[in-house]
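Colleague:
2 protein chains.
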Amino acid sequence: MEFKSKGFNKIGIVGLGLIGGSLGLDLQKLGFQVFGLVHRETTLKRAKERQLAQVVDTDPQILSDCSLIILASPLPEIIAPSKELLNCINPNSVVTDVGSVKAPVIKVWEKLHSKFVGSHPMAGTSASGVEAGQSELFKNCPWVATPTKGTDQEALEVVHHLAVSLGSKWVIADAKAHDKAVALISHMPVIVSAALLNMTKEIGLQGHDLELARILSSSGYKDTTRVGGGNPSLGVNMACNNTESILEAINSYQLSLERLKSIIKTKEWEELQTELTQAKVIRSEFFKS
Amino acid sequence: MEFKSKGFNKIGIVGLGLIGGSLGLDLQKLGFQVFGLVHRETTLKRAKERQLAQVVDTDPQILSDCSLIILASPLPEIIAPSKELLNCINPNSVVTDVGSVKAPVIKVWEKLHSKFVGSHPMAGTSASGVEAGQSELFKNCPWVATPTKGTDQEALEVVHHLAVSLGSKWVIADAKAHDKAVALISHMPVIVSAALLNMTKEIGLQGHDLELARILSSSGYKDTTRVGGGNPSLGVNMACNNTESILEAINSYQLSLERLKSIIKTKEWEELQTELTQAKVIRSEFFKS
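Residue numbers (our numbering), protein chains in the order written: chain A, 1 to 289; chain B, 290 to 578.
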């Protein structure tokens, strides 16, 4: 562990939910001393029972001695850190976050802390909360860092080593490009799929006709609606933190859909064949093994 | 086999692809004499080798003695039957089809044959052609029949027994309600999902940014784009045969999407929570076990 040998043996984690708790479990196994900051006494109790960190406390003071601090609380809290928390962060500590949107986080934190590095480990399950943390969550997942011109290079190296130690694949990206990519591949599927579910209300499908649709529905409908029928709060969080990129993406999506509609309307079947072939090619490029 | 005892022991199948071939295999096992009509000599050879029917021929004359005839060719052919075929169908034979859209089929066939019953076994794999037929394809799948006021009740009973003999769940529906339901749960997922794939062109995603999106894409994008990245010809067939219902469905979908967009634009996060909760409820009602 290169960065451990440089004195990075104490790591603080703010928030012990799915990501924070999983980090705690893995980092302890790697031999680090982990300090977990939580909000509530009930979370504290369960985090201790689950041994998500060696030290768990509701007092940010536990972070003051940490050479690396990972912000793993919900995005709204990452973006609006409390004064108490900020007061406990040593100016020499490297700070990173794990938020799923990067530009708004960087905007806030680059001003607050000179050794801040924005990052986003692309790991996750549908679980959340103090019970959700699990070992080896980050193995083989992309860990995207979004350094800017102002990013401290040594701090970036520390986060790099962190990601690699956890088995993640290191990816460097521009923060805005990251947020746009995430809007396309992670947030748009939720919107597109939720709109498909909600259109049953829009067309007034009910009674026998709704029952018929239910009887006839199969794997195509099931797969296409999966993420739209997921946790509503996660959907709201994502929309509220990546609003601009999502709205841009919806505009593009609407054009793409309108194009298919107009081809069907004018019965240009050869053109439809071309469009659907393009879709097939795009997907196979995404998921070539 | 109730309908076998009534003399329904010879069954003709027009087309020995996925559905026709699977019917042939199962019906022979049930003790029926199966006559398979195919177009091409090469198909004839393989259908014989695979024993999809006892008699396989390219001459529709083989159907003249069948008391039940199942139209299992592609939809465009079902809708525009050849004179040669029609001349070989005995007026006393019960005729049914397995097309995935019902109103256009009924419109044509009710005029052509007094003992016609429209039906749609909701079974399928992504395979097609003479190699695709497999045993027990229809087991536990819904088999929708769409009788009209003019439908011969005895003919309907024959198709009912056919479906039940193959292990299918019998469902009676209005043809237009069927086509609308199928547009919603089977055709819209393809459109919605293809538009999501094609929007990468619309937003001009390329080079590094496209590569980033590919690296970051995970199960949500994969599932939501699955049917849109499928066989383009199937998508064209479906659009060309169920055009009206699909266009109506796209209009409703556009309203549903516009609603989500406008909520995100005006940052009404509580309203978004309500919409996404509704989506979750709709899906859980569809797939309650």
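Ideal placement from N, C-alpha and C gives every residue a C-beta, glycine not left out.
Does the CB of residue 541 of chain B have a neighbour CB from chain A at under 8 Å?
Modeller: Position 252 of the second sequence holds residue 541 of chain B. Yes, its Cβ sits closer than 8 Å to a Cβ of chain A.
Colleague: Beta strand (DSSP E) containing residue 119 of chain A: first to last residue?
Modeller: As a working note, residue 119 of chain A is residue 119 in the first sequence. Taken as a continuous stretch (DSSP letters only), the beta strand (DSSP E) holding residue 119 of chain A covers 119 to 121.
Colleague: Can you pull the chain A residues whose beta carbon is under 7 Å from the beta carbon of residue 462 of chain B, in chain order?
Modeller: Looking up residue 462 of chain B in the second sequence gives position 173. Result: 212.
Colleague: Residue 261 of chain B: which of A:214, A:153 and A:152 sits nearest, CA to CA?
Modeller: What is shown of chain B runs 290 to 578, which leaves residue 261 of chain B out entirely.
Colleague: How about residue 106 of chain A: is its C-beta nearer than 8 Å to some C-beta of chain B?
Modeller: Here residue 106 of chain A refers to the residue found at position 106 when the first sequence is read from its first residue. Not closer than 8 Å to any Cβ of chain B, the Cβ of residue 106 of chain A fails to qualify, so no.
Colleague: The segment 184 to 196 of chain A: which residues have C-beta closer than 8 Å to a C-beta of chain B, in chain order?
Modeller: From the segment 184 to 196 of chain A, only 184, 185, 186, 188, 189, 190, 191, 192, 193, 194, 195 and 196 have a Cβ closer than 8 Å to chain B.
Colleague: Measure the C-alpha to C-alpha separation of residue 299 of chain B and residue 377 of chain B and round it to an integer number of angstroms.
Modeller: Working through the second sequence from its first residue, we reach residue 299 of chain B at position 10. Working through the second sequence from its first residue, we reach residue 377 of chain B at position 88. Cα-Cα distance, rounded: 14 Å.
Colleague: Taking 8 Å as the CB-CB limit, is residue 498 of chain B close to chain A?
Modeller: Counting from one through the second sequence, the residue named residue 498 of chain B turns up at place 209. True, the Cβ-Cβ gap to chain A drops below 8 Å.
Colleague: Rounded to whole angstroms, what's the CA-CA distance from residue 156 of chain A to residue 117 of chain A? Just pull it up for me.
Modeller: Within the first sequence, the letter at position 156 stands for residue 156 of chain A. Within the first sequence, the letter at position 117 stands for residue 117 of chain A. If you take the alpha carbons of residue 156 of chain A and residue 117 of chain A, they lie about 6 Å apart.
Colleague: Is residue 431 of chain B closer than 8 Å to residue 457 of chain B when the C-beta atoms are compared?
Modeller: Within the second sequence, residue 457 of chain B is the residue found at index 168, counting from 1. Within the second sequence, residue 431 of chain B is the residue found at index 142, counting from 1. Closer than 8 Å, so yes.
Colleague: Please classify residue 65 of chain A as buried or exposed, where buried requires at least 16 neighbouring CB atoms within 10 angstroms.
Modeller: Here residue 65 of chain A refers to the residue found at position 65 when the first sequence is read from its first residue. When all chains shown are included, residue 65 of chain A counts as exposed.
Colleague: Between the alpha carbons of residue 369 of chain B and residue 255 of chain A, how many angstroms are there, rounded?
Modeller: To locate residue 369 of chain B, count along the second sequence from 1; it is residue 80. To locate residue 255 of chain A, count along the first sequence from 1; it is residue 255. Straight-line Cα distance between these residues: approximately 35 Å.
Colleague: Does the contact criterion of 3 or more C-beta pairs under 8 Å hold for the segment 11 to 24 of chain A versus the segment 51 to 70 of chain A?
Modeller: At 8 Å Cβ cutoff, the stretches touch.
Colleague: Contact check, residue 121 of chain A vs residue 19 of chain A under 8 Å by CB: the rounded distance?
Modeller: Position 121 of the first sequence, counting from 1, holds the residue named residue 121 of chain A. Position 19 of the first sequence, counting from 1, holds the residue named residue 19 of chain A. So it is a contact: roughly 7 Å between Cβ atoms.
Colleague: What residue from A:134, A:273 and A:173 has the CA that sits closest to residue 149 of chain A's CA?
Modeller: Within the first sequence, residue 149 of chain A is the residue found at index 149, counting from 1. Nearest of A:134, A:273 and A:173 to residue 149 of chain A, Cα basis: A:173.
Colleague: Can you tell me where the alpha helix (DSSP H) holding residue 561 of chain B begins and where it ends?
Modeller: Here residue 561 of chain B refers to the residue found at position 272 when the second sequence is read from its first residue. Here the alpha helix (DSSP H) through residue 561 of chain B covers 558 to 575.
Colleague: Quick one: Cα of residue 285 of chain A to Cα of residue 181 of chain A, how far?
Modeller: What you label residue 285 of chain A is simply residue 285 of the first sequence in a count that begins at 1. What you label residue 181 of chain A is simply residue 181 of the first sequence in a count that begins at 1. Cα to Cα, the separation comes out at about 15 Å.
Colleague: Closest to residue 443 of chain B by C-alpha separation, out of B:576, B:554, B:383 and B:352, would be which residue?
Modeller: Within the second sequence, the letter at position 154 stands for residue 443 of chain B. When each option's Cα is compared against that of residue 443 of chain B, the closest is B:383.
Colleague: For residue 327 of chain B, collect the residues of the same chain with a Cβ closer than 8 Å to its Cβ; drop the 5 residues on either side in sequence, then sort them by chain order.
Modeller: Start at 1 with the first residue of the second sequence, and residue 327 of chain B comes out as number 38. Here the set comprises 304, 305, 333, 336, 345, 346, 347 and 419.
Colleague: Nearest by alpha-carbon distance to residue 74 of chain A: which of A:52, A:61, A:97 and A:60 is it?
Modeller: As a first step, residue 74 of chain A must be located in the first sequence, where it is residue number 74. When only C-alpha atoms are compared, the closest one is A:97.
Colleague: Of the residues that make up the segment 556 to 570 of chain B, which ones have a beta carbon closer than 9 Å to any beta carbon in chain A?
Modeller: Of all residues in the segment 556 to 570 of chain B, 556, 558, 559, 561, 562, 563, 564, 565, 566, 567, 568, 569 and 570 have a Cβ within less than 9 Å of some Cβ in chain A.
Colleague: Does DSSP put residue 386 of chain B in a helix, in a strand, or in coil?
Modeller: Taking the first residue of the second sequence as position 1, residue 386 of chain B is located at position 97. It is a strand residue.
Colleague: Per DSSP, which one or two residues make a beta bridge with residue 346 of chain B?
Modeller: Here residue 346 of chain B refers to the residue found at position 57 when the second sequence is read from its first residue. DSSP lists B:326 as partners of residue 346 of chain B.
Colleague: What is the DSSP secondary structure of residue 132 of chain A, counted as helix, strand or coil?
Modeller: Along the first sequence, one-based indexing puts residue 132 of chain A at 132. Three-state DSSP puts residue 132 of chain A in coil, outside helix and strand.
Colleague: May I ask whether a heavy atom of the ligand SAH can be found less than 7 Å away from the beta carbon of residue 370 of chain B?
Modeller: Of ligands this structure carries none, so the ligand SAH is not represented either.
Colleague: Establish whether the CB of residue 467 of chain B and some CB of chain A are separated by less than 8 Å.
Modeller: Counting from 1 along the second sequence, the entry for residue 467 of chain B is found at position 178. True, the Cβ-Cβ gap to chain A drops below 8 Å.
Colleague: Any idea if residue 208 of chain A is buried or exposed, counting beta-carbon neighbours within 10 angstroms, 16 or more meaning buried?
Modeller: Along the first sequence, one-based indexing puts residue 208 of chain A at 208. That one is exposed.
Colleague: Step through the CB atoms of chain B and report whether any lies within less than 8 Å of the CB of residue 132 of chain A.
Modeller: Taking the first sequence and counting its residues from 1, one reaches residue 132 of chain A at position 132. It does not: the Cβ of residue 132 of chain A has no partner Cβ on chain B nearer than 8 Å.
Colleague: Check whether the segment 180 to 197 of chain A touches the segment 504 to 512 of chain B, taking contact to mean three or more Cβ pairs, one atom from each stretch, closer than 8 Å.
Modeller: In short, these stretches touch, since the Cβ pair count reaches three.
Colleague: What is the DSSP secondary structure of residue 155 of chain A, reduced to helix, strand or coil?
Modeller: For the purposes of this step, residue 155 of chain A is taken as the residue at position 155 of the first sequence. Here residue 155 of chain A sits in helix by DSSP.
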